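For the sequence shown, the positions run 171 to 475 when the working numbering is used. Note that CB positions come from ideal geometry on N, CA and C, so glycine has one too. Treat the numbers as computed from the prediction; the structure is a model and nothing was measured. Report on one structure; see the data block that follows.
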Amino acid sequence: MQRAFLFTGQGSQFAGMGKDLAERFPVARATFAEADAALGESISELCFAGPEDRLGLTENTQPATLTVAVAAFRALGHVPALAAGHSLGEYAAHVAAGTLRFADAVKLVRERGKRMQSAVPVGTGGMVVMRKMGLDEVKALVAKVDAGRCEIANVNEPEQIVVSGAIAAMDQIVALAPPRKAMKLNVSVPFHCSLLQDAAAAFAKVLDQTALRDPAFPVWCNVDAAPVTTAAAARSALQRQFAGSVLWQQTIEGMFAAGVRHFVECGPKPTLVNMVKRIALAKGVEGVETVAATTADEIAALGPK
């Protein structure tokens, strides 16, 4: 049975995350210490105690969430057949696969977060989640927006799609959408859209200077919804992912088509396995099993194998 590991992305963070992992598992505790040493500051303390407003800053959220996901993966001690991560989570997937050294990944995502945060002036960009609407319906609405850049940023599941772009365009698409089907997200960055192209080009150079190895197992990438098996392909995927769409639904459907039915999620909260269940339901795929490995108790119950 092929087991896919999934790694949670930004938005799952909370003050207190990872504290139980560090208290129960020496390898998790060592992972937090490694992150602190790599960054030259205590990201672990920010994870364990907050405050929430500092933890919520993109430049902090990204290394903090990555560290919790990797700590959970290491504590579990399982070897997956393949992996994927949602946006930021793709970096944790590559740490798990050995593509990236953990210390390099922590520094990379800190830089990624800073560059995303400063890519557009605060208050000029935003994101909107479209609920209970199919991809074709959302594309039709996007085509009507003329108040500024508006692009599909995330295809999370059949009826949860996120658009990103200029703040006026986000206001317009909320007005155009049927009642209660569009909601502005509390973010200051229009993630995964072409407004970040210049920042993406600069970050690509940072990635070029980072050592990558061929992954030990395939890592499905967000931008192509396809497995990456070489260091060169991983670098390209991560570079394009910065301003590209997250094709999460397509990734999971591709895994289903490849015969994957067992999914394990590592991160602060089990958000992705719930998406997997809904994608399976919509596609009529049976026999799908999902497991959360997000708390010390969950990891202890699963046990290392």
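- With 16 or more other Cβ atoms inside 10 Å of its own Cβ, L246 counts as buried.
- Distance between A192 and A253, taken at the CA atoms: about 23 Å.
- Just measuring C-alpha positions, the residue of M300, E204, T237 sitting nearest K351 is M300.
- Annotation: the stretch 279-327 contains the following complete segments of the beta strand (DSSP E) (minimum length 3 residues), in chain order: 295-301, 320-327.
- Only residues of its own chain outside the window of five on either side were considered, and among them L191, A192, A241, A245 have a CB closer than 6 Å to the CB of A198, listed in chain order.
- Around P397, the same chain offers P388, W390 as residues with beta carbons nearer than 6 Å, after the five sequence neighbours per side are excluded.
- Residues of the same chain with a CB within less than 7 Å of the CB of L382, apart from the 5 flanking positions on each side, are T269, L270, A401, A404, R405 in chain order.
- Within the stretch 209-241, the complete alpha helix (DSSP H) runs of at least 4 residues fall at 213-219, 222-225.
- If you look at S406, you'll find it isn't in any beta strand (DSSP E); it sits in the alpha helix (DSSP H) that goes 401-411.
- Counting only residues of its own chain and dropping the five nearest sequence neighbours on each side, A413 has a CB closer than 7 Å to the CB of H362, C363, S364, L366, Q367, A370.
- Taking D206 as the centre and dropping the five residues before and after it, the same chain places the C-beta of S212, I213, S214 closer than 7 Å to its C-beta, in chain order.
- By the 16-neighbour rule on beta-carbons within 10 angstroms, V308 is buried.
- Inter-segment contact for the stretch 446-457 and the stretch 418-426 is present: three or more beta-carbon pairs are separated by less than 8 Å.
- Annotation: M187 is outside any beta strand (DSSP E) and is labelled neither H nor E by DSSP.
- Here the alpha carbon of N444 sits roughly 11 Å from the alpha carbon of E459.
- For G255, the uninterrupted beta strand (DSSP E) segment begins and ends at 252-255.
- At a Cβ-Cβ threshold of 9 Å, H256 and G179 count as neighbours.
- DSSP places M171 in no alpha helix (DSSP H); its state is neither H nor E.
- Your pair V455 and F426 checks out as a contact, with CB atoms roughly 5 Å apart and the cut at 8 Å.
- By the neighbour-count criterion, in which 16 or more other beta carbons inside 10 Å mark a residue as buried, A372 falls on the exposed side.
- Per the coordinates, the alpha-carbon of D394 lies some 8 Å from the alpha-carbon of A407.
- Leaving aside the five residues that flank S358 on each side, the residues in its chain whose CB is nearer than 6 Å to its CB run, in chain order, V292.
- Put simply, of F195, R194, A267 the residue whose alpha carbon is nearest the alpha carbon of D384 is A267.
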